[in-house]
Amino acid sequence: MDLNEHIDRFESRLAELEAALGDPSVFGDQKRSQELSREYNRVKSLVDLGRTYRKTAEELQENQALLETEPSDSELGQMAQEEVKRLTASQEAAAQALRAGILPPDPTDSRDTIIEIRAGAGGSESALFAADLYRMFNRYAEQKGWRVEVMDTSPSDLGGFKEVIFTVKGDDVFKRLKYESGVHRVQRVPVTEAQGRVHTSTTTVAVLPEAEEVDIEIKPDDIEVSVCRASGPGGQGVNTTDSAVQIQHKESGLIVRCADGRSQQQNKIKALTVLRSRLLERKIAEENAKYAAQRKAQVGTGERNERIRTYNFPQNRVTDHRIELTLYNLPALMEGDLDSVIDPLMADDIEQRLSEANL
238 MDLNEHIDRF ESRLAELEAA LGDPSVFGDQ KRSQELSREY NRVKSLVDLG
288 RTYRKTAEEL QENQALLETE PSDSELGQMA QEEVKRLTAS QEAAAQALRA
338 GILPPDPTDS RDTIIEIRAG AGGSESALFA ADLYRMFNRY AEQKGWRVEV
388 MDTSPSDLGG FKEVIFTVKG DDVFKRLKYE SGVHRVQRVP VTEAQGRVHT
438 STTTVAVLPE AEEVDIEIKP DDIEVSVCRA SGPGGQGVNT TDSAVQIQHK
488 ESGLIVRCAD GRSQQQNKIK ALTVLRSRLL ERKIAEENAK YAAQRKAQVG
538 TGERNERIRT YNFPQNRVTD HRIELTLYNL PALMEGDLDS VIDPLMADDI
588 EQRLSEANL
């Protein structure tokens with residue numbers, strides 16, 4: 238694939254977007270201005286990548302030419318060899334990102350994200366692993382410079398979570414975290430196991446792009462709002478006012494509860510945000526179902542009842558079943574090293590989509 242023609246196309250589109258965003262009338266349409274701003278940021282990033290790709294190609298060519306004239310065991314020859322190795326890796330990374338940019342962008346990729354983690358099969362061990370996954374995502378967010386805000390929690394007696402819902406805000410959050418949606422299976426010896434036997438438990442993770450008001454309109458007549466006293470396991474910081482908010486969407490039957498905020502208004506805003514995101518996810522799923530036979534919306538089918546990954550603690554092994562990836566870095570992964578799994582998933586997704594588009 239000749240990437241140079243695509244780089245030229247990105248540069249032309251960037252000039253068009255700069256002209257469009259320079260027109261004050263564009264900002265009279267909130268949705269249109271948001272779309273243009275997102276596209277501008279995406280295309281500008283691709284243009285910068287294209288310039289890096291071309292500069293790297295020039296430097297690589299110069300070093301390869303130097304290798305033809307310099308003995309491989311000379312100091313200059315060895316330096317050229319090291320540069321060729323470094324530049325080749327850099328060029329391939331830029332090329333992969335550019336190939337991804339050729340594909341039509343997913344409009345939800347740049348969205349902030351709501352993550353819902355729920356204990357599944359395995360009782361208290363599943364709830365403990367839900368807490369471990371929540372910590373893993375927090376560590377990953379810290380590494381990326383993203384912000385995490387808890388929406389609602391349902392603690393278990395042993396310190397884990399029956400359910401925890403939180404938002405992650407930052408650049409390209411959904412683009413990377415959408416691959417985490419599904420069933421996560423853990424194999425380890427539970428803290429309650431006296432015989433040292435390995436148990437298998439599951440925890441579900443739902444990853445939703447945060448919906449905006451322009452995406453999903455919710456009218457007051459569409460919902461029923463009720464308030465109650467927030468409950469908790471006790472101790473410091475327990476909310477003792479009637480501030481927990483529950484919202485039921487009449488048409489879909491969806492129910493959202495939020496109790497983390499200190500006021501009814503705070504919790505109502507958060508609950509509406511989660512509700513919009515669940516409705517947006519449903520809308521996207523319905524649209525994807527129309528052509529699901531032609532291509533996948535995510536790596537694998539993305540269904541939540543599907544086992545996507547196994548965490549085997551006795552063997553220090555993590556296996557992602559969608560691309561048959563096995564790594565032996567489980568402690569690092571649980572400390573937030575998710576890129577070691579997400580990067581291969583993204584690369585596989587891009588290659589499949591390019592193949593399906595005959596690019």
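Numbering-wise, the sequence shown is residues 238 to 596 according to this note's numbering. Beta carbons are placed, not taken as given, at the ideal position from N, Cα and C, and that holds for glycine.
Fill in: Helix, strand or coil at tyrosine 548 [DSSP, three-state]
Within the sequence shown, residue 548 is the residue found at index 311, counting from 1. Tyrosine 548 falls in the strand class under three-state DSSP.
Worksheet item: By the 10 Å Cβ neighbour count, where 16 or more other Cβ atoms means buried, how is arginine 348 classified, buried or exposed?
Response: Along the sequence shown, one-based indexing puts residue 348 at 111. Arginine 348 should be labelled buried.
Worksheet item: Taking just the CA atoms, how far does valine 464 sit from aspartate 586?
Response: Residue numbering aside, residue 586 sits at position 349 when the sequence shown is read from its first letter. Residue numbering aside, residue 464 sits at position 227 when the sequence shown is read from its first letter. Between aspartate 586 and valine 464, the C-alpha separation is close to 43 Å.
Worksheet item: valine 280 and asparagine 300 look like a contact to me (Cβ under 8 Å); what is the Cβ gap, rounded to whole Å?
Response: The count along the sequence shown starts at 1 and reaches residue 280 at position 43. The count along the sequence shown starts at 1 and reaches residue 300 at position 63. That belief does not hold up - the Cβ atoms of valine 280 and asparagine 300 are roughly 30 Å apart, past 8 Å.
Fill in: For proline 457, the nearest candidate out of Lys487, Val444, Thr439, Ala443 (CA to CA)
Here residue 457 refers to the residue found at position 220 when the sequence shown is read from its first residue. Among Lys487, Val444, Thr439, Ala443, the Cα nearest to that of proline 457 is on Lys487.
Discussion item. In chain order, what are the residue ranges of uninterrupted beta strand (DSSP E) at least 3 long that sit wholly in the region 341-372?
Written reply: 350-356
Fill in: Beta-carbon contacts of leucine 567 that lie in its chain and below 7 Å, excluding the five residues immediately before and after
Within the sequence shown, numbered from 1, the residue matching residue 567 stands at position 330. Closer than 7 Å at the Cβ level, and outside the excluded window around leucine 567, lie Tyr548, Phe550, Asn553, Arg554, Val555.
Worksheet entry | Identity of the residue in Phe247, Val493, Ala569 nearest proline 341 by Cα | Numbered from 1 along the sequence shown, position 104 holds the residue referred to as residue 341. For the residues Phe247, Val493, Ala569, the minimum Cα distance to proline 341 belongs to Phe247.
Discussion item. Let me make sure I understand the geometry here. Which of Leu283, Ala252, Lys268 has the alpha-carbon closest to that of leucine 240?
Written reply: One-based indexing of the sequence shown puts residue 240 at position 3. Here the closest residue by C-alpha is Leu283.
Worksheet item: Using a Cβ-Cβ cut-off of 6 Å (strictly less than) and excluding sequence neighbours within five positions of valine 385, which residues of its own chain qualify?
Response: Within the sequence shown, numbered from 1, the residue matching residue 385 stands at position 148. Once the five neighbours on either side are set aside, the close Cβ partners of valine 385 are Asn375, Ala378, Phe403, Val405.
Discussion item. Contact between the region 381-395 and the region 580-594 is defined here as three or more beta-carbon pairs at a separation below 8 Å; is this criterion met?
Written reply: no
Item to complete: Going by CA-CA distance only, name the one from Ala481, Leu517, Glu523, Arg519 that's closest to isoleucine 506.
Response: The residue given as residue 506 occupies position 269 in the sequence shown. When each option's Cα is compared against that of isoleucine 506, the closest is Ala481.
Discussion item. Does histidine 421 come out as helix, strand or coil in the three-state DSSP assignment?
Written reply: Numbered from its first residue, the sequence shown carries residue 421 at position 184. Three-state result, histidine 421: strand.
Discussion item. Can you find the residues in the same chain that come closer than 8 Å, C-beta to C-beta, to glutamate 305, ignoring five residues on each side of it along the sequence?
Written reply: Counted from its first residue, the sequence shown places residue 305 at position 68. Answer for glutamate 305: no residue qualifies.
Discussion item. For leucine 491, which residues in the same chain have their Cβ closer than 6 Å to its Cβ, ignoring the five residues on either side in sequence?
Written reply: As a working mapping, residue 491 is identified with position 254 in the sequence shown. Within the same chain, leucine 491 has close Cβ partners Arg515.
Worksheet item: How long is the line joining the alpha carbons of glutamine 485 and arginine 519, rounded to whole angstroms?
Response: Sequence index remark: in the sequence shown, residue 485 carries index 248 (1-based). Sequence index remark: in the sequence shown, residue 519 carries index 282 (1-based). Between glutamine 485 and arginine 519, the C-alpha separation is close to 16 Å.
Fill in: Burial state of tyrosine 565 (16 or more Cβ within 10 Å)
In the sequence shown, the residue the question calls residue 565 occupies position 328. By the 10 Å Cβ count, tyrosine 565 comes out exposed.
Worksheet item: What separation, rounded to the nearest whole angstrom, lies between the Cα atoms of aspartate 369 and methionine 571?
Response: Position 132 of the sequence shown holds residue 369. Position 334 of the sequence shown holds residue 571. Taking the straight line joining both Cα atoms gives about 7 Å.
Practice prompt. May I have a chain-ordered list of the beta strand (DSSP E) segments no shorter than 3 residues that lie completely inside the region 557-596?
Written response: 562-564
Discussion item. Give me, in chain order, the residues of the same chain whose beta-carbon lies closer than 8 Å to that of leucine 286; leave out the 5 immediate sequence neighbours on both sides.
Written reply: Here the question's residue 286 lines up with position 49 in the sequence shown. Only Ala331, Ala334, Leu335, Gly338 meet the Cβ criterion.
Worksheet item: For glutamate 307, which residues from the same chain have a beta carbon less than 7 Å from its beta carbon, with the 5 sequence-adjacent residues on both sides left out?
Response: Translated into the one-based positions of the sequence shown, residue 307 becomes position 70. The residues are Leu313, Gly314, Ala317.
Worksheet item: Rounded to a whole number of angstroms, what is the C-alpha to C-alpha distance between glycine 396 and serine 361?
Response: The sequence position of residue 396 within the sequence shown is 159, counting from 1. The sequence position of residue 361 within the sequence shown is 124, counting from 1. Rounded to the nearest angstrom, the two C-alpha atoms are 9 Å apart.
Discussion item. For glutamate 226 and glutamine 501, what's the separation of their Cα atoms in angstroms?
Written reply: With the chain covering 238 to 596 only, the question about residue 226 has no answer from this structure.
Fill in: Neighbour-count burial assignment, glutamine 473, 16 or more Cβ in a 10 Å radius
As a position in the sequence shown, residue 473 is number 236, starting the count at 1. In this prediction, glutamine 473 scores a pLDDT of 43, lower than 50, which makes its location untrustworthy; the coordinate-derived value is nonetheless stated afterwards. That one is exposed.
Fill in: Which listed residue (Lys268, Arg288, Arg544, Ala569) has its alpha carbon closest to that of serine 418
Residue 418 sits at position 181 when you count from the first residue of the sequence shown. Among Lys268, Arg288, Arg544, Ala569, the Cα nearest to that of serine 418 is on Arg544.
Worksheet item: In whole angstroms, what separates the C-alpha of arginine 250 from that of glutamate 295?
Response: Against the sequence shown, residue 250 aligns to sequence position 13. Against the sequence shown, residue 295 aligns to sequence position 58. In a straight line, the C-alpha of arginine 250 is about 24 Å away from that of glutamate 295.
Worksheet item: If you draw a straight line from the C-alpha of alanine 530 to the C-alpha of glutamate 593, how long is it?
Response: Here residue 530 is taken as the residue at index 293 of the sequence shown, counted from 1. Here residue 593 is taken as the residue at index 356 of the sequence shown, counted from 1. For alanine 530, the pLDDT reaches just 40, beneath the cut-off of 50, and the residue's location in the model is therefore unreliable, although a value from the coordinates is still provided. Roughly 12 Å separates the two Cα atoms.
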